[in-house]
Every structure is written in structure tokens, then in C-alpha cells.
Ligand code: SF4
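Residue numbers (the numbering used here), protein chains in the order written: chain A, 1 to 201; chain B, 202 to 674.
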């Protein structure tokens, strides 16, 4: 996984609440057996007409946001299914950071497995960043994970919270499984005890 | 004396493997269900890292999302799947299960079905367990007093490799449903009423325990319907303390504890309840008698209204973000504010899914369908949740009632719950559906979904509009 340290990029506004995983990546794209190549399917049904033409009004079709790496959106982002295809599609499009007032649990956790930083902020700060993001190619926002700071185009600074362990995972690009296997002895111990206490399992 | 603990806290404590300072806790996972959509990349990850599956015997694989549900295609086995990508996913699951030594219920196995119906049916799901699956509706299994929740594919890989997960502990919410529901009101209406009240993000960060007289009165099937929808309220898991109904349901199932193991398990299961005085971070209380038969009118499961009511006016919504969402929803759904819901005409009816594809659901549908006919303009399908549900329904003669009434009686699978297979809505087609999500495009691009209970779906099929089932009982 690619480490996340700092990011300075265009932010795209998507001012909708309850952006669900079916919107982020419709099910017809879940049939792949790979992780890569899903960026083209991102927000497909909002981005294209049924016959596959780009809808010019949709934010990601506007030239100014073609290279956006930050997405600013509404509350309960990523609700719905557990499909990790949602963060895979965001990442493949180029997004490394999603900023919203709140996130659905499974989606939030999935982001960290893929080097994406999800940032939850109070609504008034989201409103400010949404305004910034509306400025198109000038909507350059900087995110510093180490300092837990966001800098807007006007230089204003917003700080954000993040679980310290998840922060380390992102900063270092660690492989979760490797980390857990390092504690293999604790799992062995647990299993030995459980075998005695709950033999029917 | 030990601290009073909630049911969730008890299961959490029991499964804690390690909690190193500054790290997320590691918890043990007792059972893992795997389906074809969210697992290929996990197995591929294992192969690339040269890792194995730590406990293949704690894992069960079954294809469900992509399987065709019409007889002709089904008879052809995997070869009968016409979409090459769907076919490849189902083949890949079979191959991965074989390679890693995992039990796999193939498409032509009578036990095949929707993963959340199969687990309980096989006795794979038991109280006090931690159960995961790369599928958000894993919350279903909480009906047995198991801590069950959906995970992403990276976590599927993590569980395969380590039989554990790293995650933060959730907060506790208790939803108490008192009283007795009126006629025509069931578990699905209770679930929709709760989501309507707390909103789709109301449960975010919580595990919900359902309690109260109306919950105790629910059958195991009804409890599964309710826990299934926990995720639609934002909660990762729902829990109901096990009782005699739970134990009776499990006893004698293929993977249930046997002999002395049963007694030992039972003694443990009986300790699984929230202690008096245990702390809940949030409490919701509802009276079942206040819940009418409900339908959704929008594109979020929180958009619920009594079937006797009208489409609400977004202008009454004070929050601008929510107002915009509701306006968008009405536009998508082709509805106008103030329109009577009972006058909304449906084109399709879908009865099935992990929410309402169990035998009790089908019996309820039959009670309404018997001696009646599906409206001429409606295409109504009934999709049993598993091969065993189908067999049971046919043994009881329910299939004959359905066919006589003009329903399409199909083979088991997820079917039109999410339209990854051949069953889907056409743009602007309107459907009364017993499934769990009415998101834009969920049942097919441009399709319009109204979530309802099984009896309400049956009533809609017969009348051809959204209908108050109480007119038919
Ligand atoms: S029936 Fe629907 S919700 Fe349930 S597992 Fe299948 S697709 Fe998911």
C-alpha cells in the first residue's frame, strides 16, 4: 500500500448526503475478479447517460476536476454495502482523500486498507471546504496527515482527528496482515484457551 | 462483583485476542462466510503473499449474487450463466474453495442459497460467535445473539490469513420495542419504523441490541429480518439475546453442537444477555402498536411513510442537504409531494432476498395470494432464499398457490435484490420489493424500488398498486 503523508491537489465538490456504495460503483462493475481498473466505473450512473455518454454537468466530467485527488461530500458518505470496490474505484480515479461530515463504518475502515485518508469534519468546516472546492482548478487543498492539518486555498488551517494507530498504518503504508501475524503467538494462545472453554466450536 | 455488561460487551470481551496500547484491538473470528463477489481479490492477495487459510474448517463458501434464478439457465449449472463475467466469478469461487480446502455449496447443491440464509439453516450460525462475511447484511446473524458484521475484501483476506480482525470497539445502542403490533404489521415494518426514526446514519458507530416484548414475540425468521436491516440504520451489527426459540431453531441442524457438546454450548448460550444495569450509550423506545404497514417512497431506507399516507413534501425539510436529497429522490422515483401512496401503480413485485426469503415469509405471502390473482399488468416474482427453503415451500404446497395466483416461482439466489444477475428492473419500472435497499439503480439502472414487507408485496401484486394489506386480510 502506498503511504499517505501529504497531499496537495484539486478538491472536487459533491454536495450530496448519503452517497451510497451503489452510486460510487454500480453493481455491474462488481463482477471483476481484480482490484484495478475501476476508476472508469466510478459514479458511472451519475457520470454517464444510459448509452455511455458523459454528462457534462457531473463534477468529475468538468475539465477542472479531471485531476482531483480530494473529494468533499455530504454526511454518511459510503453508506450501503461492504464492497471494497468503492474505495478501489475512488483510488483508481485518483482520489486519496475524502472529506465529509461523517462516514459509514465499513466504508471508513475500507479506506485505510487502501491508502485513502477519510476525514470527518463538522458541517461548518465542510461548508467552507465545499465553497473552496467549487472554485474549480483553483481549488487546491493541502492535507498533512502527520500534523493532522488541512490548508485551504486562502491559507486557512483546519485540524482533524484520526485514530493514532490508523494514522501510523497510513503514514507507513503498512500491510495489516503482516502486522497481525507478527502477533501470531497471541492468536495461538487464544485458540488454545478457546479449545478448552468452548470445545463445541 | 463484576461490572454489568451488555451482550455486545460480553461477546467482545470473550473474543479479544490482544489490545496493545496505541494499536487497534485484535478480535478472534469464529466463523467466516464467503461469496463470489467480494472474495476473489482476497484469495488472490493470499496467493501473491504466499499465505494460507488459517482455518478452512471455520469458513463456508456459497455463490449467490450472480446465480441465475430461472429454471432453464439453472439446469445448466455454471455453464447456464450467460454473462461471462458472472460465470467467471462463480467459477473462481469454486476454484478458490478447492485450492484452499474450504467447504463450498455449489450452485446445484440443494443447500445453496443466499449466504445469510444458508448460515443459520446449516447451524453454522450460533449464539455468542463472532461471524463475518464480505457483505454488509451479515448483520442478519445477530438474530441468534452472534456478533455478526460485514467486512471489506481486505478484511476478508485478513480473516482468511489470521482468523482475526483488527477493529475499534463499537458503542452500545438499545432499541426497545414494546407492545404488540397490529394486524398486517411484522418484523419488516418494525425494521423500517426504526430506520425511519433513527435515520440511515443513526446507528453509525453502534451495535444495536433489540429488546422488548415485540422482539421476544418475533420468530427466528422475523428476528433475522430485523437484524438484517440494522446496517440500513448505519449500525454494523444488530443483536438479539438468544432464548428458547433460538435454541430450538438450532438444535439438530447439520453444524449444530451434538451430544455433550450441545449441553455445554447451551449452558454458555444462556449467559448471553445484557446484565441489569448495563450501560447503553443510546436508547430508543418504540411501541409496536404505533407502527402501521410501511412503504418507502424515496431512495434511502429512511424515506418511510405509512401506506395510508402521502408522499412527503421536501419543502418541509429544514436541513438543506437533506432537502436536496429528498428532491432528487422524488425526481428519481417519478413521484410528486402529496400524492397518495395507495394510488402509486407498480409494474413489478419482488419477493425474496436475505431480508425476506425464508419459509415464514413465503407462508405469509401465500396467506394473501391464496385464491387471488396477480393484477394483469404486474410481473411478480418469488425467489426462495435457498434450495432448502424452496424444497420446504414445495412440500407445503405453497408453490402451487403462487403459480395458481400468477406469480413467477423461481430458483434460489439474490436475484433482483441487486440485479447483478439477469433479474433486473428496466429504467423507470416501479417495483414493490421485500429487499432491503431502495438506492438509485439498486434493482437496475433507473429502476424505482419501494421497500415493503412480504404481505405488503403480495397485496401490491394483487391490487397492482401499493396497497394497505389490511384491506385483504
Ligand atoms: S439478497 Fe441482496 S442484500 Fe442479501 S446478500 Fe444478496 S444481494 Fe446482498
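Where is the CB? At the ideal position from N, CA and C, for every residue including glycine.
Here the structure is a predicted model, which means the values were calculated and not measured.
| Check | Outcome |
| --- | --- |
| Return helix, strand or coil for residue 566(B), following the three-state DSSP convention. | helix |
| With a threshold of 8 Å on Cβ separation, who are the neighbours of residue 645(B) within its own chain once the five nearest residues in sequence on each side are excluded? | 617, 620, 625, 626, 627, 628, 630 |
| By how many angstroms is the C-alpha of residue 576(B) removed from the C-alpha of residue 692(B)? | The structure shown has nothing for residue 692(B), since chain B only spans 202 to 674. |
| Along the region 636-649 of chain B, what residues have a CB closer than 8 Å to any CB found in chain A? | 638, 640, 641, 642, 643, 646, 647 |
| Please name the residue, chosen from 329(B), 226(B), 306(B), that lies closest to residue 474(B) on a Cα-to-Cα basis. | 329(B) |
| List, in chain order, every chain A residue whose beta-carbon is nearer than 7 Å to that of residue 515(B). | Near residue 515(B) there are no residues of chain A at all, since even the closest Cβ is about 13 Å away, more than 7 Å. |
| Return the residue from the list 545(B), 261(B), 309(B) that minimises the CA-CA distance to residue 319(B). | 261(B) |
| Which stretch, first to last residue, makes up the alpha helix (DSSP H) that contains residue 551(B)? | That residue, residue 551(B), is in no alpha helix (DSSP H); its beta strand (DSSP E) goes 549-552. |
| Could you please tell me which residues of the region 68-100 of chain A, in chain order, have their CB closer than 7 Å to any CB of chain B? | 74, 75, 76, 79, 80, 81, 82, 83, 84 |
| For the region 62-81 of chain A against the region 90-98 of chain A, do three or more pairs of beta-carbon atoms, one drawn from each stretch, fall closer than 8 Å, so that the two count as touching? | yes |
| Indicate, with yes or no, if the ligand SF4 has a heavy atom lying under 8 Å from the CB of residue 437(B). | no |
| If I follow the unbroken beta strand (DSSP E) through residue 377(B), where does it start and stop? | 372-379 |
| Where DSSP assigns a beta bridge to residue 612(B), which residues make up the other side? | Partner(s): none; residue 612(B) has no beta bridge. |
| Determine, using beta carbons only, whether residue 352(B) comes closer than 9 Å to chain A. | yes |
| Name the residues in the region 126-157 of chain A whose C-beta lies less than 7 Å from a C-beta of chain B; which are they? | none |
| Give the residues of chain B in contact with residue 2(A), contact being defined as C-beta atoms less than 7 Å apart. | The premise fails here: residue 2(A) is roughly 14 Å from chain B at the closest Cβ pair, so nothing lies under 7 Å. |
| Can you give me the Cβ contacts of residue 655(B) inside the same chain, cut-off strictly under 8 Å, excluding the 5 residues immediately before and after it? | 387, 389, 552, 557, 562, 563, 565, 566, 635 |
| Going along chain B, which residues have a C-beta under 9 Å from residue 11(A)? | Those within 9 Å of residue 11(A) in chain B number zero; the least Cβ separation is about 18 Å. |
| Find out if the Cβ-Cβ distance for the pair residue 143(A), residue 6(A) is shorter than 9 Å. | yes |
| At 3 residues or longer, and completely inside the region 6-92 of chain A: list those beta strand (DSSP E) runs for me, N to C. | 6-14, 70-73 |
| Could you have a look at residue 603(B) and say whether DSSP puts it in helix, strand or coil? | helix |
| What separation, rounded to the nearest whole angstrom, lies between the Cα atoms of residue 200(A) and residue 106(A)? | 30 Å |
| Please state whether DSSP places residue 649(B) in a helix, a strand or coil. | strand |
| Any heavy atom of the ligand SF4 closer than 8 Å to the CB of residue 233(B)? | no |
| For residue 634(B), which of helix, strand or coil comes out of DSSP? | strand |
| Please list the terminal residues of the continuous alpha helix (DSSP H) segment that includes residue 206(B). | Unbroken run through residue 206(B): none, as it is neither H nor E. |
| Please write down, chain order preserved, every residue whose beta carbon lies under 5 Å from a heavy atom of the ligand SF4. | 315(B), 338(B), 554(B), 555(B), 615(B), 618(B), 619(B) |
| So, is residue 599(B) buried or exposed, given that buried needs 16 or more other C-beta atoms within 10 angstroms? | buried |
| Does the region 390-407 of chain B touch the region 291-301 of chain B, meaning 3 or more C-beta pairs lie closer than 8 Å? | no |
| List the residues of chain B that residue 120(A) touches, going by C-beta distances under 9 Å, in chain order. | Here the premise fails: no neighbours, minimum Cβ distance about 10 Å. |
| When the Cα atoms are used, what is the spatial distance from residue 238(B) to residue 268(B)? | 11 Å |
| Helix or strand or just coil, what does DSSP make of residue 118(A)? | strand |
| So, for residue 337(B): in the same chain, excluding its five sequence neighbours on each side, which residues have a beta-carbon less than 7 Å away from its beta-carbon? | 351, 432 |
| What first and last residue would you give for the beta strand (DSSP E) that runs through residue 439(B)? | 438-440 |
| With a threshold of 8 Å, are at least 3 pairs of Cβ atoms found where one atom belongs to the region 10-22 of chain A and the other to the region 71-81 of chain A? | yes |
| Based on Cα-Cα distance, which residue from 409(B), 434(B), 447(B) lies nearest to residue 423(B)? | 447(B) |
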